[in-house]
Amino acid sequence: MRVGPVAALTLFLLSITGASGASAASASGSRALALAAVIAQYAPIAAAPKRAIASFFKGDTNFPYGGKISVIADKIICRTGNVDITSRSCDITFKIAKRALKGREANELFATMLMAGIPAEGTAGSNIAGLSKLDCTLDPKVIKQKAGGGADCAFEPGNQP
Numbered sequence: 014m015r016v017g018p019v020a021a022l023t024l025f026l027l028s029i030t031g032a033s034g035a036s037a038a039s040a041s042g043s044r045a046l047a048l049a050a051v052i053a054q055y056a057p058i059a060a061a062p063k064r065a066i067a068s069f070f071k072g073d074t075n076f077p078y079g080g081k082i083s084v085i086a087d088k089i090i091c092r093t094g095n096v097d098i099t100s101r102s103c104d105i106t107f108k109i110a111k112r113a114l115k116g117r118e119a120n121e122l123f124a125t126m127l128m129a130g131i132p133a134e135g136t137a138g139s140n141i142a143g144l145s146k147l148d149c150t151l152d153p154k155v156i157k158q159k160a161g162g163g164a165d166c167a168f169e170p171g172n173q174p
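Residue numbers (our numbering): 14 to 174.
Structure representation (structure tokens):
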């Protein structure tokens, strides 16, 4: 089987870089705090960490919370329409729950994912952004220092439904 020059170059570059289909990615600082805050409001976590994250996200670091906070999601897929411009939806899968978002809430999550560096791809009539294995850790002690640290998220980008 013969391959064209573009395909041969692509295969060569993949072989020397060790690239694979799904590679780990990350976000830190304000991008990670935003991603964790938008997802935490739907996550099956206790009320106290949710309130702490919401306080940090609105700029209030005086919220009393001592330990590290984790926000974890198994999979997130968001879609916006570029033909039906009123269409906005996100599906969030947690270990023990699922959430479906529409409208403003979906738009907020989609935009936050883009800001955090999660790529969107266009398909027939829509834009899709997705990730899996999201694991965000917030350290309130570091966030309270207001030096740019204390929020880190790791994930695998990808938009397979």
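Quick reminder that beta carbons are idealized off the backbone N, C-alpha and C, glycines included. Please read these numbers as outputs of a predicted model, since none were measured by experiment.
Beta strand (DSSP E) segment containing residue i, residue limits
i: Ala160; result: Premise fails: Ala160 is in no beta strand (DSSP E) and is neither H nor E.
i: Ile109; result: No beta strand (DSSP E) holds Ile109; DSSP gives it neither H nor E.
i: Asp87; result: Ile82 to Gly94
i: Gly135; result: Ala133 to Thr136
Residue i - containing alpha helix (DSSP H), residue span
i: Asn120; result: Gly116 to Met128
i: Lys63; result: Ala60 to Phe70
i: Ser39; result: First-last for Ser39: Ala38 to Ser41, but that is the beta strand (DSSP E), not the alpha helix (DSSP H).
Residue closest to residue i, alpha-carbon to alpha-carbon, out of the options
i: Ile109; options: Ser68, Ala160, Ile82 and Lys88; result: Lys88
i: Ile58; options: Ala37, Ile85 and Leu46; result: Ile85
i: Arg117; options: Ile98, Glu134 and Gly135; result: Ile98
i: Gly94; options: Lys81, Gly138 and Ser68; result: Gly138
i: Phe96; options: Asn140, Thr150 and Lys157; result: Rather than Phe, the amino acid found at residue 96 in this sequence is Val. Selected option, being the one with the closest Cα: Asn140.
i: Ala38; options: Thr125, Ser145, Ala50 and Tyr78; result: Ser145
i: Ile82; options: Ile90, Asp165 and Ala142; result: Asp165
Distance between residue j and residue i (C-alpha atoms, nearest Å)
i: Lys63; j: Tyr55; result: 9 Å
i: Thr150; j: Phe70; result: 14 Å
i: Gly171; j: Gly79; result: 34 Å
i: Gly162; j: Ser41; result: 7 Å
Cross-strand partners of residue i (DSSP beta bridge)
i: Pro152; result: Per the sequence shown, the amino acid found at residue 152 is Asp instead of Pro. In the DSSP output, where bridge partners are listed per residue, Asp152 has none listed.
i: Arg101; result: Thr93
Residue i classed as buried or exposed, judged by whether at least 16 other C-beta atoms fall within 10 angstroms
i: Ser36; result: exposed
i: Ser102; result: buried
i: Ala160; result: exposed
i: Gly34; result: Its pLDDT being 44, under 50, Gly34 is placed unreliably in this model, and the coordinates cannot settle the point.
i: Pro77; result: exposed
i: Gly72; result: exposed
i: Ala45; result: buried
i: Thr125; result: buried
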